[in-house]
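Counting with the numbering used here, you get residues 8 to 501 for the letters of the sequence shown.
All residues carry an ideal CB built from backbone N, CA and C; glycine is no exception.
Contents: one structure, followed by commentary.
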Amino acid sequence: MNKTKLLLDKDYKIASLGKRLYSTFVEHLGRCIYEGIYEPGHPTADKNGFREDVRALVRELGFGALRYPGGNFVSGYNWLDGIGPRAERPKRLDYAWCSIEPNEIGMDEFCDYAKSVGSEVMYAVNMGTGSPQDAGYMVEYANFPGGTYYSDLRIKNGHKDPHNIKLWCVGNEMDGPWQICHLDAHDYGKKALETAKIMKWADPSIELCVCGSATSTLPTYPEWDRLVLEYVYDKVDYISLHRYYENHGDEIDFLASFHEMDGFIKTIAATADYVKALKRSKKTMMLSFDEWNIWYQAKTQLKQWEFAPHILEDNYSLLDAISFGALLCTLINNSDRVRIACLAQMVNVIAPIFTEKGGKAVRQTTFFPFAMAANNCLGTVLKTMGKTPVLESKSYGEVTAIPNAVVLNEEKKEINLICANISGERQCLELDMRSFGRAVLAEHQVMSGDLSAVNTLNDPDRVKPKFMDCSGAAVEKPELILEPKSFNLFKFKL
Ligand code: AHR
Numbered sequence: 008m009n010k011t012k013l014l015l016d017k018d019y020k021i022a023s024l025g026k027r028l029y030s031t032f033v034e035h036l037g038r039c040i041y042e043g044i045y046e047p048g049h050p051t052a053d054k055n056g057f058r059e060d061v062r063a064l065v066r067e068l069g070f071g072a073l074r075y076p077g078g079n080f081v082s083g084y085n086w087l088d089g090i091g092p093r094a095e096r097p098k099r100l101d102y103a104w105c106s107i108e109p110n111e112i113g114m115d116e117f118c119d120y121a122k123s124v125g126s127e128v129m130y131a132v133n134m135g136t137g138s139p140q141d142a143g144y145m146v147e148y149a150n151f152p153g154g155t156y157y158s159d160l161r162i163k164n165g166h167k168d169p170h171n172i173k174l175w176c177v178g179n180e181m182d183g184p185w186q187i188c189h190l191d192a193h194d195y196g197k198k199a200l201e202t203a204k205i206m207k208w209a210d211p212s213i214e215l216c217v218c219g220s221a222t223s224t225l226p227t228y229p230e231w232d233r234l235v236l237e238y239v240y241d242k243v244d245y246i247s248l249h250r251y252y253e254n255h256g257d258e259i260d261f262l263a264s265f266h267e268m269d270g271f272i273k274t275i276a277a278t279a280d281y282v283k284a285l286k287r288s289k290k291t292m293m294l295s296f297d298e299w300n301i302w303y304q305a306k307t308q309l310k311q312w313e314f315a316p317h318i319l320e321d322n323y324s325l326l327d328a329i330s331f332g333a334l335l336c337t338l339i340n341n342s343d344r345v346r347i348a349c350l351a352q353m354v355n356v357i358a359p360i361f362t363e364k365g366g367k368a369v370r371q372t373t374f375f376p377f378a379m380a381a382n383n384c385l386g387t388v389l390k391t392m393g394k395t396p397v398l399e400s401k402s403y404g405e406v407t408a409i410p411n412a413v414v415l416n417e418e419k420k421e422i423n424l425i426c427a428n429i430s431g432e433r434q435c436l437e438l439d440m441r442s443f444g445r446a447v448l449a450e451h452q453v454m455s456g457d458l459s460a461v462n463t464l465n466d467p468d469r470v471k472p473k474f475m476d477c478s479g480a481a482v483e484k485p486e487l488i489l490e491p492k493s494f495n496l497f498k499f500k501l
């Protein structure tokens, strides 16, 4: 068995990490909203039609922000369709996903939902068919106290208090040729700048996120990011990154996806820093990784003009969960720049939760690494030092066999380590924590076993973490055993 030594020191800090890194995404797509969070007539539906069984699982994941309403959907969405009396809301063709959109849920219902699960809203405005003026009206409707047309309309629609949405996305993936009314970098940069000005005039306290590369595989990456930032650097607070990974058949490559994500983040941070230097700016641009996940895109097939179609409903295996967990470690270790990250998406659509119409709500395998991190890894991210074993991957060369992240929670006096072992061998990890004195291992959760296992409606608990016995004494250098191809959480009490 390989033995790896990792040193932690309380003075080697990466960043302080809050809930926004554990955000998610709710799009009007497939069954994310309809039959996902919202299903009037479901046995657990509340008086507004929201499923309590799903809400309970959403709460278990403790999301920081819920990005809404899209996604590709938003680039053809008229937000006015989703406010006011439900009976008067129009049914529309959604060109992004070839679906029928009934508009039963809109900004007001969604903001109420987010509040009920303890999350903030990250609202995306339409930069496809929409205008800078529409974006200003949305901010006015959501955040202005009253006495103007749109703020009074919100009050008339039953919301006396403003929604106070702080986070706003200036469009979605406008570099993608698939986007409704896709723009080139110059046209988007100019439109985003004018939109940002209006939105911040309407409410100077909001934070804006501009569209960066929709994926690192587009030919315009990272030139798009440079050009767009040159237009908007002074006016926005974040640039977005989106990236999905899938298993193309080479297991090591798939498990090493975190390596690509790390390079993507570092490239966008460097691009933003170049623009900072060019502008002689004192501001450092932060990153919003507001769509990330495993997504079997090659298998995605759209349906024609259905309401709430079963699309993008990937069923995740244990192998997927391990690769996913390693991606989470990468986000945490880059949290000095990545201040927001949204797991895309929340329910049914490439999601940690899936539902049966009129029936159950189930935790997918990816639910668990997310819950381990979101519920435990909050506080100060620590740098780990040491030489971990490496694996040779086809696409990325040498990668660590033990992607990991460590977070100190000073208030709770605990250290939480999440790590994957992506090798096929057992590994021993010796954690040198002497700068903290002695620590007791209080919890060890592990996910390992049949890598192809999935959770289904008939077998919803097939894959879940095992809680290991942790009855040891306090030590300075705990030795941790990592099962082959596993994902782990270790909690130490200081
Ligand atoms: O999350 C699914 C889709 O992926 C989103 O609508 C879009 O932004 C991205 O391409």
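Evaluate CYS336 with the Cβ neighbour count: other Cβ atoms within 10 Å of its Cβ, from every protein chain shown; 16 or more gives buried, anything less gives exposed. For this step, residue 336 is matched to residue 329 along the sequence shown. Classification of CYS336: buried, given that the 10 Å Cβ count is 16 or more.
Given a cut-off of 8 Å on the beta-carbon distance, is the pair CYS176 and GLY135 in contact? Taking the first residue of the sequence shown as position 1, residue 176 is located at position 169. Taking the first residue of the sequence shown as position 1, residue 135 is located at position 128. Contact: no.
Decide yes or no for the touch test of the stretch 152 to 160 against the stretch 61 to 79: beta carbon pairs closer than 8 Å, at least 3 of them. no
My guess is that ARG38 and ALA72 are in contact by the Cβ rule of under 8 Å, so how many angstroms apart are they, rounded? To locate residue 38, count along the sequence shown from 1; it is residue 31. To locate residue 72, count along the sequence shown from 1; it is residue 65. Not a contact, Cβ separation roughly 22 Å.
Does the Cβ of HIS35 have 16 or more other Cβ atoms within 10 Å, making it buried, or fewer, making it exposed? Sequence index remark: in the sequence shown, residue 35 carries index 28 (1-based). Its Cβ being crowded by 16 or more others within 10 Å, HIS35 is buried.
Within the chosen definition, does the stretch 264 to 272 reach the stretch 199 to 219 through at least 3 CB pairs nearer than 8 Å? no
Please name the residue or residues paired with PHE216 in a DSSP beta bridge. Mapped onto the sequence shown, residue 216 falls at position 209. According to the sequence shown, residue 216 is Cys rather than Phe. DSSP lists CYS176 and TYR245 as partners of CYS216.
Just checking, does the stretch 77 to 96 make contact with the stretch 125 to 135 on the three C-beta pairs under 8 Å criterion? yes
Sorry if obvious, but does the Cβ on LEU309 come closer than 7 Å to a heavy atom of the ligand AHR? Position 302 of the sequence shown, counted from the first residue, corresponds to residue 309. Flag unset: Cβ of LEU309 not near the ligand AHR.
Residue interval of the alpha helix (DSSP H) (run including LEU285): Residue 285 sits at position 278 when you count from the first residue of the sequence shown. Here the alpha helix (DSSP H) through LEU285 covers 264 to 285.
For my contact list, VAL453 and PRO472 are in at a C-beta cut-off of 8 Å; report their separation, rounded to the angstrom. To locate residue 453, count along the sequence shown from 1; it is residue 446. To locate residue 472, count along the sequence shown from 1; it is residue 465. The pair is a contact, with the Cβ atoms about 6 Å apart (cut-off 8 Å).
Would DSSP call GLN434 helix, strand or coil? Walking along the sequence shown from the start, residue 434 turns up at place 427. Strand.
Would you check whether the ligand AHR has a heavy atom nearer than 7 Å to the C-beta of GLN371? By 1-based counting over the sequence shown, the position of residue 371 is 364. For the ligand AHR, not one heavy atom lies less than 7 Å from the Cβ of GLN371.
Residues sharing a beta bridge with HIS451, DSSP: Numbered from its first residue, the sequence shown carries residue 451 at position 444. PHE497, per the DSSP bridge assignment.
What I want to know is whether the C-beta of ALA351 ends up closer than 7 Å to one or more non-hydrogen atoms of the ligand AHR. As a first step, residue 351 is located in the sequence shown; it is residue number 344 there, counting from the start. Yes; taking the cut-off as 7 Å, the Cβ of ALA351 has a heavy atom of the ligand AHR nearer than that.
Less than 7 Å separating the Cβ of HIS35 from some heavy atom of the ligand AHR? Along the sequence shown, one-based indexing puts residue 35 at 28. Every heavy atom of the ligand AHR is 7 Å or more from the Cβ of HIS35, so no.
Starting from the C-beta of GLU250, find all residues in its chain whose C-beta is less than 8 Å away, skip the five residues before and the five after it, and write them out in chain order. Within the sequence shown, residue 250 is the residue found at index 243, counting from 1. Position check: residue 250 holds Arg in this sequence, whereas Glu was assumed. Counting only Cβ-Cβ distances below 8 Å, and skipping sequence neighbours, we find THR222, SER223, GLU267, MET268, PHE271, PHE296, GLU298 and TRP299.
HIS249 Cβ short of 7 Å to the ligand AHR heavy atom set: Taking the sequence shown and counting its residues from 1, one reaches residue 249 at position 242. Yes, the beta carbon of HIS249 sits closer than 7 Å to at least one heavy atom of the ligand AHR.
With hydrogens ignored, establish whether the beta-carbon of ILE360 is closer than 7 Å to any heavy atom of the ligand AHR. As a first step, residue 360 is located in the sequence shown; it is residue number 353 there, counting from the start. Flag unset: Cβ of ILE360 not near the ligand AHR.
I want to check one thing, is the minimum distance from the CB of PHE261 to the heavy atoms of the ligand AHR below 7 Å? As a position in the sequence shown, residue 261 is number 254, starting the count at 1. Outside the cutoff, so no.
Is it the case that the stretch 465 to 480 contacts the stretch 399 to 412, given that we only count it when at least three CB pairs across the two stretches are under 8 Å? no
According to the neighbour-count rule (16 or more other Cβ atoms, all chains shown, within 10 Å of its Cβ), is ARG370 buried or exposed? Walking along the sequence shown from the start, residue 370 turns up at place 363. That one is buried.
Work out the CA separation of TYR130 and TRP104 for me, nearest whole Å. Reading the sequence shown from its first residue, position 97 is the one you call residue 104. Reading the sequence shown from its first residue, position 123 is the one you call residue 130. The alpha-carbon atoms of TRP104 and TYR130 are separated by roughly 19 Å.
ALA199 Cβ short of 7 Å to the ligand ADP heavy atom set: Among the ligands present in this structure, namely the ligand AHR, the ligand ADP is not found.
For the alpha helix (DSSP H) that LEU326 lies in, which residues bound it at each end? As a position in the sequence shown, residue 326 is number 319, starting the count at 1. It spans 325 to 340 - the alpha helix (DSSP H) in which LEU326 sits, taken as one unbroken run.
Can GLY178 be considered in contact with the ligand AHR, in the sense that its beta carbon sits closer than 7 Å to one or more heavy atoms? The count along the sequence shown starts at 1 and reaches residue 178 at position 171. Checking every heavy atom of the ligand AHR against the Cβ of GLY178, none is found closer than 7 Å.
Under the three-state reduction of DSSP, which class applies to TYR41: helix, strand or coil? As a working mapping, residue 41 is identified with position 34 in the sequence shown. In this structure, TYR41 counts as strand in the three-state DSSP scheme.
Examine the ligand AHR and report whether any of its heavy atoms sits within less than 7 Å of the Cβ of PHE70. Your numbering for residue 70 matches position 63 in the sequence shown. Not under cutoff, so the answer is no.
Within 10 angstroms of the Cβ of MET392, are there 16 or more other Cβ atoms? Answer buried if so, exposed if not. The residue given as residue 392 occupies position 385 in the sequence shown. Exposed is the call here.
May I have the straight-line CA-CA distance separating ALA460 from GLU258, to the nearest angstrom? Counting from 1 along the sequence shown, the entry for residue 460 is found at position 453. Counting from 1 along the sequence shown, the entry for residue 258 is found at position 251. The straight-line gap from Cα to Cα measures roughly 15 Å.
Counting along the chain, where does the beta strand (DSSP E) carrying ILE21 start and finish? Translated into the one-based positions of the sequence shown, residue 21 becomes position 14. From DSSP, the beta strand (DSSP E) with ILE21 extends over 9 to 24.
Beta carbon of ALA221: closer than 7 Å to some heavy atom of the ligand AHR? Here residue 221 refers to the residue found at position 214 when the sequence shown is read from its first residue. Yes - the ligand AHR has a heavy atom lying nearer than 7 Å to the Cβ of ALA221.
Span of the alpha helix (DSSP H) holding THR362? As a working mapping, residue 362 is identified with position 355 in the sequence shown. Where THR362 is concerned, there is no enclosing alpha helix (DSSP H), although the beta strand (DSSP E) it sits in stretches over 360 to 362.
Three or more beta-carbon pairs under 8 Å between the stretch 325 to 343 and the stretch 113 to 127, yes or no? no
Just curious, the alpha helix (DSSP H) that CYS118 is in, first and last residue? The count along the sequence shown starts at 1 and reaches residue 118 at position 111. From DSSP, the alpha helix (DSSP H) with CYS118 extends over 114 to 123.
Round the Cβ separation of ILE172 and ALA149 to the nearest angstrom and send it over; I've been treating them as touching at under 8 Å. As a position in the sequence shown, residue 172 is number 165, starting the count at 1. As a position in the sequence shown, residue 149 is number 142, starting the count at 1. About 5 Å separates the two Cβ atoms, so the contact holds.
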